[in-house]
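Residue numbers (UniProt numbering): 1 to 289. A virtual CB, placed ideally from N, CA and C, is assigned to each residue, including glycine. Just so we're clear, the structure is a prediction, and the values are computed from it rather than from any experiment.
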Ligand code: SAM
């Protein structure tokens, strides 16, 4: 052990283990009105943000999560012009969404203004292009209240939440998903951050169960994100259009070219198609939901 400050990720305390990161430097630390926020520099992962003891984003591996949470639903939809992000305070997903030429309006509803404020200083690579884009509209509010009351409608809803603790807990409820459905246009797609099924199968089962009670299609797709330990991360997928998870790579490629053929580091047409092929233990969780 070095004499650096070791910052624990306490998310899995109930399961009897912790990941602990040696901070080269703590860049920012605050008890916000909503949660404990710490941002630090890590030798391997670059800048790391933790909220309430759970890793949210690192500059080294953010591309996996942000690309898969944005490009998959938008390209599955195929003609999305209006997109809603719930959460997403660091603006990493917004940056990816705005790469799509067809997106005319992006609304991001984040409960904690301080996450956005400090990201302006510490994640300018995300916030710079996003806040300068006239298509981007930030609303500081609880996502639950927003989806229950707004008159706006969206083709794609991306739930970039914290884990189901603190203010993020409501974003895993049936009531919230029903609100998301209410604000979606016909043929719309919703995707959600649904944790690591190896450790959190009940979180995935609960969400997919809610999706199935509200939509024709409720499933998940997977990606491997190094700092979300435990293997695959599940991204919930809900829509009324059963064909959207089975779009062939050639068609996805055509849509991506039409969207601007932006550079990616994880997403490819083949990865999108394959991400819906679930390992048996995850398929079992989804089937039992
Ligand atoms: N990538 C991360 C992960 O999977 O661990 C999550 C991203 S982080 C940007 C999630 C954001 O959701 C935080 O900024 C948090 O403030 C916000 N959030 C939590 N509860 C919320 C709620 N009820 N309404 C809107 N935003 C919320």
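- Query: Any idea which residues DSSP pairs residue 193 with across the strands?
  - Reply: 235
- Going by CA-CA distance only, name the one from 250, 158, 27 that's closest to residue 68. 158
- Report yes if the C-beta of residue 67 is less than 7 Å from at least one heavy atom of the ligand SAM; otherwise report no. no
- Task: Find out if the Cβ-Cβ distance for the pair residue 28, residue 122 is shorter than 8 Å.
- Result: yes
- Query: Under the DSSP definition of a beta bridge, which residues are partnered with residue 256?
  - Reply: Bridge partners of residue 256: none, in fact.
- Message: Report the CB separation of residue 144 from residue 179 in whole angstroms; it is logged as a contact under 8 Å.
- Response: 7 Å
- Item | Nearest candidate by alpha-carbon position, reference residue 191, set 239, 46, 98, 58 | 239
- Residue of 71, 34, 278 minimising C-alpha distance to residue 259: 71
- Query: What is the DSSP secondary structure of residue 225, counted as helix, strand or coil?
  - Reply: coil
- Task: Express the C-alpha separation of residue 216 and residue 272 in angstroms, rounding to a whole number.
- Result: 21 Å
- Query: Is the distance from the Cβ of residue 45 to the Cβ of residue 25 below 8 Å?
  - Reply: no
- Query: Looking at residue 170 and the ligand SAM, is the gap between the Cβ and the nearest heavy atom below 7 Å?
  - Reply: yes
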